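To start, the structure itself, in structure tokens.
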DNA sequence: TGCTTATATGACTATACAATCATATAGACA
DNA sequence: TGTCTATATGATTGTATAGTCATATAAGCA
């Protein structure tokens, strides 16, 4: 995080990983504790914990403690907008490639 | 690229790297050849070429050949929207941290 | 106090990535 | 044909990352 470009890249890099993308998608509807998140995405607790920590460190998620449980939530609405836009790009790319395949 | 989530993550990962973010930002105003790009972002030609190749492979950039030169351009308007949103998140994060610092 | 549950972390391994240097390819043109 | 220019690529190196297993921490409760 030495300069703005690196900071900005870190935010996008945090989202650019399948496990973390699954976490963010699962949190779309609101905050959840770790004990709900890791079974939902099918990853180990320790691995999920690391990714959650990274998402929080890069400003994607907020963290709230309640007794034993720790609740994570999407911190900025812009996060879901980015996720949705990247899916749009994916869909357009896949559609384009299928059209190419059909043309063969 | 085995499943949609990985595909989507690859798009975001492609944007989540400082050198590639600089390339995309430089292409905001329109297509440019490699010979314009690498001096503008201050990276070596070979390194720039690799990043351009990756950005094209992940569907971020389009590529056009004209004689000796190869022109790259932003392929989807959603790309710049993502870049702008990620900067908004960064600004909010930095602002929030500065407020915290002032409170100390 | 001791036990249980929820979450985090240390140590490790395998893999991926960015950058560099040298070199290859491919098109333009004399 | 030979030379020049633009771009890509092979080989290599150092570093970062994801995932796993075992263990630590910390809060709640009997």
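Residue numbers (the working numbering), protein chains in the order written: chain D, 1 to 104; chain X, 1001 to 1104.
For each residue, glycine too, the CB sits at the ideal point set by N, CA and C.
Since the structure is predicted, the reported quantities are computational estimates derived from the model, not experimental observations.
Proximity of residue 34 (chain D) to chain X, defined by a Cβ-Cβ separation below 8 Å, is not satisfied. Those residues of the stretch 62 to 83 of chain D placed with their C-beta closer than 9 Å to a C-beta in chain X are 75, 76, 78, 79, 81, 82, 83, ordered along the chain. Here DSSP, grouped into helix, strand and coil, assigns residue 60 (chain D) to coil. By alpha-carbon distance to residue 1067 (chain X), the top candidate from X:1024, X:1094, X:1014, X:1034 is X:1034.
Residue 1069 (chain X): member of the beta strand (DSSP E) spanning 1069 to 1074, first to last residue. Listed in chain order, the positions of the stretch 1036 to 1052 of chain X with a beta carbon within less than 9 Å of a beta carbon of chain D would be empty, since no residue qualifies. Under a 10 Å Cβ-count criterion, residue 1059 (chain X) is classified as buried, with 16 or more other Cβ atoms of the shown protein chains found around its own Cβ.
Looking from the CA of residue 1012 (chain X), the closest CA among D:45, D:84, D:98, D:70 belongs to D:84.
Of all alpha-carbon atoms in X:1043, X:1064, X:1081, X:1002, the one lying nearest the alpha-carbon of residue 86 (chain D) is that of X:1081. Ranked by how close their Cα comes to the Cα of residue 24 (chain D), the residues D:56, D:65, D:5, D:45 have D:56 in first place. Under the DSSP definition of a beta bridge, residue 1032 (chain X) partners with X:1072.
Within the DSSP bridge table, the entry for residue 66 (chain D) names D:69 as partners. Using beta-carbon distances, residue 1089 (chain X) counts as an interface residue toward chain D, with a partner under 8 Å. Counting other Cβ atoms within 10 Å of its Cβ, residue 95 (chain D) stays below 16 and is therefore classed as exposed.
For residue 9 (chain D), the closest Cβ of chain X is nearer than 8 Å.
Here residue 1017 (chain X) carries a coil assignment [DSSP, helix/strand/coil].
For residue 1079 (chain X), the closest of X:1040, X:1016, X:1036 by C-alpha to C-alpha distance is X:1016. Within the same chain, and ignoring the five residues on either side of residue 1014 (chain X) in sequence, the residues whose Cβ sits closer than 7 Å to its Cβ are 1020, 1054, 1055, 1058, 1060. A Cβ-Cβ distance of about 32 Å is found for the pair residue 40 (chain D) and residue 1018 (chain X), leaving them out of contact under the 8 Å criterion.
For the 8 Å CB-CB criterion, residue 1064 (chain X) and residue 1031 (chain X) form a contact.
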